[in-house]
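Student: With my numbering as the guide, the letters of the first sequence map in order to residues 1 to 473.
One structure coming up, written as structure tokens, with questions to follow.
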Amino acid sequence: MSDFRLYNTLSRQVEPFAPADGTTVRMYTCGPTVYNPAHLGNFRTFLFEDLMRRVLALRGWTVRQVMNLTDVDDKIIKRALEQGKTISEVTEPVIVVFHRDREYLRIQAAEAYPRATDFIPQMIALVERLVSRGVAYQADDGSVYFAISRFPAYGRLSRLDTREIKAGARVLQDDYTKENAQDFALWKAAKPEDEATGAAWDSPWGRGRPGWHLECSAMAMDLLGETLDLHCGGIDLIFPHHEDEIAQSEAATGVPFARVWSHGAFLLTEGAKMAKRVGNVSTVQGLREARFSAAALRHFVFNTHYRKELNLSEEALEASRQAVRRVGDFAGRLRSDTALALGGTPELARVAEAAVVRAEAALFDDLNGPEALAALFDFIRQANAELDRRGGDRGSVERARAAFDRIDSILDIVPEREEADSAFAEWIEERIEARRVARGARDFAAADGIRGELTARGVTIEDSGGETRWKLG
RNA sequence: GGCGCCGUGGCCAAGUGGUAAGGCGGCAGACUGCAAAUCUGCUAUUCGUCGGUUCGAUUCCGACCGGCGCCUCCA
């Protein structure tokens with residue numbers, strides 16, 4: 001079994017990774033804030049995490065992944081207020097959309113999707129713990145803050161000098177409620193809009209709601225224990241979100257919050273970070289309507305290493321669409337009865353198994369998706385050539401199928417075959433038979449006419465090996 | 001201003017101190033009645049620029065140019 005290596009944001013190095021108990025990877029992944037459907041930039045991170053969990057499982061570990069759904073925050077409250085709704089009335093439909101998009105992209109379900117609002121007692125308990133330890137305090141405004149001056153390790157993950165202030169940035173001189181400008185809210189005193197939208201709870205510090213960072217610490221520790229094996233998220237979460245999670249968790253428990261931190265890079269559009277506030281987002285729904293398959297989108301994302309920025313463009317998406325079409329054609333060929341009947345060669349099995357070794361080594365080396373894809377495409381080219389030889393060996397075809405399935409069980413980039421309903425399929429078969437007869441009589445004008453009819457209805461035919469196959473699209 | 005990332009063929013994109021994976025696209029050929037699919041060959045003497053270290057650098061160091069990100073609630 002190969003070694004598994006992963007880049008750790010804490011050390012800024014690729015290092016060997018294994019779960020603490022040797023069997024189960026306890027993995028926490030920051031999920032979406034559900035006020036608005038997530039865009040492909042968000043999903044790039046979730047796809048990176050999907051690749052992560054599949055590779056961890058391939059390596060032989062059990063994966064216990066938790067992804068939170070942030071269902072209470074400023075933007076949600078703002079939206080609820082605008083629409084005269086409660087926060088749950090805003091978030092419920094968005095959560096439905098999130099899972100629909102997630103499933104479309106073939107992102108495996110995490111073991112748990114906890115919602116912040118279901119963990120208020122755990123969050124309050126965590127704040128109490130911090131207050132009792134003297135690292136949190138209630139300010140004049142009623143909110144409870146974490147005192148970063150009492151957590152010396154603050155800034156270790158982000159490597160930001162805590163004293164640095166953005167040049168030209170206004171310093172809020174009148175912000176006297178906090179002891180230190182960089183102290184962050186653990187518990188926010190309720191405002192009228194919080195009460196109006198159902199975003200306020202009772203607490204030892206009065207009515208209020210949790211600060212953003214608090215939910216992740218409380219839910220992660222409740223569901224996975226005080227020390228996680230792996231904590232993932234988008235690179236923008238390093239500061240302040242993850243830095244603050246570390247501070248509040250470790251100040252409470254005294255033990256490391258996560259052994260390894262892994263962050264995915266951004267998706268850019270038109271050279272700028274894809275973000276709702278920039279207005280350059282592509283939604284999964286939109287891409288779906290543009291007929292980009294899950295397979296194509298997965299290929300597009302995995303063809304760039306997760307730690308490198310990826311620029312979305314129509315041309316690149318189109319290239320991925322063509323690439324997975326090739327994968328799909330090959331999968332269809334390899335899995336066909338004809339392939340088995342014609343058989344393969346010893347070389348077919350050899351290249352197939354070499355591809356598995358190469359792809360797995362790549363994935364175990366800090367999730368090198370592009371290299372794994374290269375292994376797959378080399379395999380496809382070589383295997384097609386071997387299948388052309390019709391070597392008669394069924395066993396090699398079966399071994400090639402197993403190898404292909406093993407690689408694709410991780411990447412999952414075979415496009416869904418469009419199915420024809422039975423009446424349509426019957427008509428297609430009838431037309432192909434008529435064309436066969438015409439070709440037999442060397443009446444090519446008639447045969448081409450029939451092909452034209454099929455093409456007009458979206459059916460592509462392929463004559464190979466003495467038989468005619470068809471596909472939609 | 002601080003911290004950090006990136007710059008590889010027409011486009012996308014791996015990679016290594018020892019002489020450039022893969023995909024898309026293009027060109028030519030094979031197969032085919034013609035297509036489609038598939039295969040074969042060609043498509044970067046070169047890895048932003050200029051220096052340095054080295055027997056040797058795309059890979060290490062420095063400077064510069066260009067692009068991007070984070071710096072309090074954004075995956």
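We put the CB at the ideal spot given by N, CA and C, even for glycine.
Bear in mind that the values here come from a model prediction, so they are computed numbers and not experimental data.
1) Could you tell me whether the Cβ atoms of residue 344 and residue 414 are closer together than 8 angstroms?
2) Pairing CB atoms from the stretch 292-302 with CB atoms from the stretch 102-112, are three or more of them under 8 angstroms?
3) Quick one: what's got a C-beta closer than 7 angstroms to residue 412's C-beta in the same chain, skipping five residues either side?
4) Might you give, ordered along the chain, the residues of its own chain that have their beta carbon closer than 7 angstroms to the beta carbon of residue 67, omitting 5 neighbours on each side?
5) What first and last residue would you give for the beta strand (DSSP E) that runs through residue 63?
6) So what's residue 249 in DSSP terms, helix, strand or just coil?
7) Assuming residue 210 contacts residue 323 (C-beta within less than 8 angstroms), just tell me the rounded distance between them.
8) Would DSSP call residue 111 helix, strand or coil?
9) For residue 233, which residues from the same chain have a beta carbon less than 7 angstroms from its beta carbon, with the 5 sequence-adjacent residues on both sides left out?
10) For residue 413, which three-state DSSP category applies?
11) Can you tell me which of 249, 386, 41, 235 puts its alpha carbon nearest to the alpha carbon of residue 218?
12) Please work out which residues of its chain come closer than 6 angstroms, Cβ to Cβ, to residue 199, disregarding the five sequence neighbours upstream and downstream, and give them in chain order.
13) Please state if the CB of residue 148 and the CB of residue 122 are separated by a distance shorter than 8 angstroms.
14) Look up residue 167 in the DSSP assignment and say whether it is helix, strand or coil.
15) Entirely within the stretch 308-337 and at least 4 residues each: give me those alpha helix (DSSP H) ranges in chain order.
16) Which two residues bound the contiguous beta strand (DSSP E) that contains residue 471?
17) My guess is that residue 59 and residue 300 are in contact by the Cβ rule of under 8 angstroms, so how many angstroms apart are they, rounded?
18) Which whole-angstrom value describes the C-beta separation of residue 282 and residue 348, a residue pair presumed to lie in contact below a C-beta threshold of 8 angstroms?
19) Are the stretch 120-138 and the stretch 37-44 touching, with three or more C-beta to C-beta distances below 8 angstroms?
20) In the structure shown, what three-state DSSP assignment does residue 173 receive?
21) Based on the DSSP secondary-structure assignment, which residues constitute the bridge partners of residue 464?
22) Nearest by alpha-carbon distance to residue 419: which of 230, 279, 471 is it?
23) Going by Cα to Cα distance, which pick from 220, 235, 237, 236 is closest to residue 229?
24) Residues in its own chain within less than 6 angstroms of residue 268 by CB, not counting five upstream and five downstream?
25) Comparing alpha-carbon positions, which option in 256, 431, 366 lies nearest residue 12?
26) Determine which residues share a DSSP beta bridge with residue 145 and list them.
27) Looking at residue 207: is its Cβ nearer than 8 angstroms to the Cβ of residue 227?
28) Take residue 22 and list the residues in its own chain whose beta-carbon comes closer than 8 angstroms to its own, dropping the five residues that flank it on each side.
29) Tell me whether residue 409 is buried or exposed, calling it buried when 16 or more other Cβ atoms sit within 10 Å of its Cβ.
Tutor: Taking the definition as stated:
1) Position 344 of the first sequence, counted from the start, is the residue given in the question as residue 344. Position 414 of the first sequence, counted from the start, is the residue given in the question as residue 414. No; because the gap between Cβ atoms is not below 8 angstroms, this pair is not in contact.
2) Contact holds: three or more Cβ-Cβ distances are below 8 angstroms.
3) Locating residue 412 in the first sequence gives position 412, counting from the first residue. Only 106, 298 meet the Cβ criterion.
4) Translated into the one-based positions of the first sequence, residue 67 becomes position 67. Hits under 7 angstroms: 29, 31, 110, 113.
5) Within the first sequence, residue 63 is the residue found at index 63, counting from 1. DSSP places residue 63 in the uninterrupted beta strand (DSSP E) bounded by 62-67.
6) Here residue 249 corresponds to residue number 249 of the first sequence, with the count starting at 1. Looking at residue 249 - three-state DSSP - the assignment turns out to be helix.
7) Within the first sequence, residue 210 is the residue found at index 210, counting from 1. Within the first sequence, residue 323 is the residue found at index 323, counting from 1. About 44 angstroms separates the two Cβ atoms, so there is no contact after all.
8) In the first sequence, the residue the question calls residue 111 occupies position 111. In the three-state scheme derived from DSSP, where H, G and I count as helix and E and B as strand, residue 111 is classed as coil.
9) The residue given as residue 233 occupies position 233 in the first sequence. Only 29, 30, 45, 242, 263 meet the Cβ criterion.
10) If you number the first sequence from 1, residue 413 lands on position 413. DSSP places residue 413 in coil when its eight states are reduced to three.
11) Counting from 1 along the first sequence, the entry for residue 218 is found at position 218. That would be 249, whose Cα lies nearest to the Cα of residue 218.
12) Position 199 of the first sequence, counted from the start, is the residue given in the question as residue 199. So the qualifying residues of the chain are 72, 77, 87, 209.
13) In the first sequence, counting from the first residue as 1, residue 122 sits at position 122. In the first sequence, counting from the first residue as 1, residue 148 sits at position 148. Their beta carbons are not under 8 angstroms apart, which means residue 122 does not touch residue 148 by this criterion.
14) As a working mapping, residue 167 is identified with position 167 in the first sequence. Model confidence at residue 167 stands at a pLDDT of 40, short of 50, so the residue's coordinates are unreliable; what they give is reported in the following sentence. Reduced to three states, the DSSP call for residue 167 is coil.
15) Here the runs fully enclosed are 314-334.
16) Start at 1 with the first residue of the first sequence, and residue 471 comes out as number 471. Judged by DSSP secondary structure, residue 471 falls within the beta strand (DSSP E) whose first and last residues are 467-472.
17) Locating residue 59 in the first sequence gives position 59, where the first residue counts as 1. Locating residue 300 in the first sequence gives position 300, where the first residue counts as 1. Residue 59 to residue 300, Cβ: 25 angstroms. No contact.
18) As a working mapping, residue 282 is identified with position 282 in the first sequence. As a working mapping, residue 348 is identified with position 348 in the first sequence. By a beta-carbon distance limit of 8 angstroms, residue 282 does not contact residue 348. Their separation comes to about 39 angstroms.
19) A contact is defined here as three or more CB-CB pairs under 8 angstroms, and the stretch 120-138 fails this definition with respect to the stretch 37-44.
20) As a first step, residue 173 must be located in the first sequence, where it is residue number 173. Residue confidence is low: residue 173 scores 39 on pLDDT, short of 50, so the model does not pin down where it sits. Its coordinate-derived value is still stated next. Residue state, collapsed to three classes: coil.
21) The residue given as residue 464 occupies position 464 in the first sequence. Residue 464 is bridged to 467.
22) Your numbering for residue 419 matches position 419 in the first sequence. That would be 471, whose Cα lies nearest to the Cα of residue 419.
23) Within the first sequence, residue 229 is the residue found at index 229, counting from 1. Measuring from the Cα of residue 229, the nearest candidate turns out to be 220.
24) Here residue 268 refers to the residue found at position 268 when the first sequence is read from its first residue. Excluding its 5 nearest sequence neighbours in each direction, residue 268 has C-beta neighbours in its own chain below 6 angstroms: 309, 311, listed in chain order.
25) Counted from its first residue, the first sequence places residue 12 at position 12. The shortest Cα separation from residue 12 among 256, 431, 366 belongs to 366.
26) Along the first sequence, one-based indexing puts residue 145 at 145. For residue 145, which the question treats as bridged, DSSP gives the partners 137, 185.
27) Against the first sequence, residue 207 aligns to sequence position 207. Against the first sequence, residue 227 aligns to sequence position 227. No; because the gap between Cβ atoms is not below 8 angstroms, this pair is not in contact.
28) As a first step, residue 22 must be located in the first sequence, where it is residue number 22. Within the same chain, residue 22 has no close Cβ partners at all.
29) The sequence position of residue 409 within the first sequence is 409, counting from 1. Result: exposed.
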